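Participant:
Residue numbers (the numbering used here): 18 to 445.
1) Could you please give the first and the last residue of the uninterrupted beta strand (DSSP E) stretch that includes residue 185?
2) What did DSSP end up calling residue 24 once you bin it into helix, strand or coil?
3) Is residue 242 near residue 249, with beta carbons less than 7 angstroms apart?
4) Can you tell me whether residue 66 is helix, strand or coil according to DSSP?
5) Considering only residues of the same chain and omitting the five flanking positions on each side of residue 308, which have a CB-CB separation below 8 angstroms?
6) State the Cα-Cα distance for the pair residue 321 and residue 384, rounded to the nearest angstrom.
7) So the candidates are 32, 219, 20 and 67; which of them puts its Cα closest to the Cα of residue 40?
8) Can you tell me whether residue 444 is buried or exposed? The criterion is at least 16 other CB atoms within 10 Å of its CB, across all chains shown.
9) Would the segment 432-441 and the segment 391-403 be scored as touching if the rule is three or more Cβ pairs under 8 angstroms?
10) Taking all protein chains shown into account, do 16 or more other C-beta atoms lie within 10 angstroms of the C-beta of residue 327, making it buried, or fewer, making it exposed?
11) At what residues does the beta strand (DSSP E) containing residue 53 begin and finish?
12) Quick check on the DSSP output: what are the complete alpha helix (DSSP H) runs of length 4 or more inside the segment 220-305, in order along the chain?
13) For residue 95, name the three-state secondary structure that DSSP assigns.
14) Taking the alpha-carbon positions, what's the residue 161 to residue 412 distance?
15) According to DSSP, is residue 61 helix, strand or coil?
16) Which class does residue 37 belong to by DSSP, given the choice of helix, strand or coil?
17) Kindly give me the distance between the Cβ atoms of residue 255 and residue 345, rounded to whole angstroms, as I take these residues to be in contact under 8 angstroms.
18) Just the Cα atoms here: how many angstroms apart are residue 260 and residue 237?
19) Could you pull out every residue in the same chain whose Cβ sits closer than 7 angstroms to the Cβ of residue 58, ignoring the five residues on either side in sequence?
20) Taking the straight line between their C-alpha atoms, what separation do you get for residue 305 and residue 359?
21) Please report the residue range of the alpha helix (DSSP H) in which residue 200 lies.
22) Take the Cβ of residue 185 as the centre, count every other Cβ of all protein chains shown within 10 Å, and call the residue buried at 16 or more, exposed below.
23) Which residue marks the beginning of the alpha helix (DSSP H) containing residue 415, and which one marks its end?
24) Count the other C-beta atoms from every protein chain shown that fall within 10 angstroms of the C-beta of residue 406, then say buried if there are 16 or more, exposed otherwise.
25) Distance check for residue 428 and residue 294, CA to CA, integer angstroms please.
26) Would you call residue 339 buried or exposed, if buried means 16 or more other Cβ atoms sit within 10 Å of its Cβ?
27) Express the C-alpha separation of residue 231 and residue 155 in angstroms, rounding to a whole number.
28) Just to confirm, is the Cβ distance from residue 212 to residue 316 under 7 angstroms?
29) To the nearest angstrom, how far is the alpha carbon of residue 96 from that of residue 403?
30) Considering only residues of the same chain and omitting the five flanking positions on each side of residue 140, which have a CB-CB separation below 8 angstroms?
31) How far does the alpha helix (DSSP H) with residue 30 in it extend, from its first residue to its last?
32) Assign residue 28 to buried or exposed, taking buried as 16 or more other Cβ atoms, counted over all protein chains shown, within 10 Å of its Cβ.
33) Is the distance from the Cβ of residue 423 to the Cβ of residue 342 below 7 angstroms?
34) Have a look at the DSSP bridge pairing and note the partners of residue 71.
35) Going by beta-carbon coordinates alone, are residue 158 and residue 205 separated by less than 7 angstroms?
36) Drop a sphere of 10 angstroms on the beta-carbon of residue 52, count the other beta-carbons inside from all chains shown, and report buried for 16 or more, exposed for fewer.
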């Protein structure tokens, strides 16, 4: 049995083998130890760590195998790279040769995907491009969501009514008062936010899942690992782009006349009047909310993909794009419902000190911190106040998460195919 090295390894004992990434080793004994294989390299025997290599079995299957059974056999992860010779069902005596070049790649580090893994920079590029594409598409829903989240008055029911009372009505008001460009207010900082966030988040997720596999010998495909790594990756991205998120919220929440004319004016004015820490307003609820939100996104997305492939195995290669889009949308809705109140608190805190622009939309509030925000929203707006703007948020979550994973996997596949065309993939 052969194995290919996925990482460099330096022997620390006389009975161990050193090897470089890409080396092909001959495995002599798979059962000698829980964490080590006995292997041979360049005529020398020794032990190698299991989590540093990938087994390369090449089984052959032959005979009168039904098409459905053949697809099932080639779809199994352990048959990565398998050849299958099958006698034709329609023309007895004729045979077909099928070759499975790789398994379905999971988002994040996936030792069972086959082929050369993408470099961290390539993952970051795919993540930033997916963020760019997604932001252009969902900006109007983001503006609607923020307007509802920052509105103190009720949007329905008894009592004082807010300016915005529903998605359609709010869209008409914004269109009438601010024009179509009102739906893309704050698009420049939002686009910078999305591109930067996507790059840092997906690159961090790839690195963290790889660390879990190599250092802790955890299964990088498990939902628990994806939840943990997804949450930590999102926190890393949040720390990197929080100032842009605050700027995006300020731009999206201002009406007419504008308080900030452009990005440079906003940065200068906020720094001079509120100090440097204003760019990190709402950081605590952001980190508290983004960890479970992103963790649920990644873990639910990969779980739904596995469920899809289990229920519809014959569609595995034919409708990958539809699967990625729908599973991403489902993951977005589930994670958004679970963590929505924290997102509302974050938005309320981010516009603190911005009362001048908010007065045109109705009542304004200034909160002393997260605890004060939670208490006053509960007291003044009721439990329903925690879910203001949920409808546009769910629409946005479904579209944005679906588009993000769909475009990310598309760009990853495109980059991988470009590498193959250029002959940069190492032979297996």
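Ideal Cβ placement from N, Cα and C applies to all residues, glycine included.
Note that the structure is predicted; figures quoted are calculated from it, not measured.
Facilitator: According to the structure data:
1) Unbroken run through residue 185 is the alpha helix (DSSP H), 184-195; no beta strand (DSSP E).
2) coil
3) no
4) Strand at residue 66.
5) 248, 249, 251 and 252
6) About 39 angstroms.
7) 20
8) At residue 444, the pLDDT of 42 sits below 50, so the modelled position is not reliable; the number obtained from the coordinates is stated separately. Classification for residue 444: exposed.
9) no
10) exposed
11) 53-58
12) You should have 240-270 and 280-291.
13) Bear in mind that the predicted position of residue 95 carries a pLDDT of just 45, short of 50, making it unreliable; the figure below should be weighed with that in mind. Of the three classes helix, strand and coil, the one that applies to residue 95 here is helix, per DSSP.
14) 11 angstroms
15) Strand at residue 61.
16) coil
17) The pair is not a contact, with the Cβ atoms about 20 angstroms apart (cut-off 8 angstroms).
18) 32 angstroms
19) 34, 36, 40 and 42
20) 7 angstroms
21) Premise fails: residue 200 is in no alpha helix (DSSP H) and is neither H nor E.
22) exposed
23) 407-438
24) buried
25) 36 angstroms
26) exposed
27) 37 angstroms
28) no
29) Note that residue 96 scores 45 on pLDDT, short of 50, meaning its location in the model is unreliable; the coordinates nonetheless yield the value given after this. Rounded to the nearest angstrom, the two C-alpha atoms are 49 angstroms apart.
30) 219, 220, 223 and 429
31) Segment: none, residue 30 is in no alpha helix (DSSP H) and carries neither H nor E.
32) exposed
33) yes
34) Bridge partners of residue 71: 21.
35) no
36) exposed
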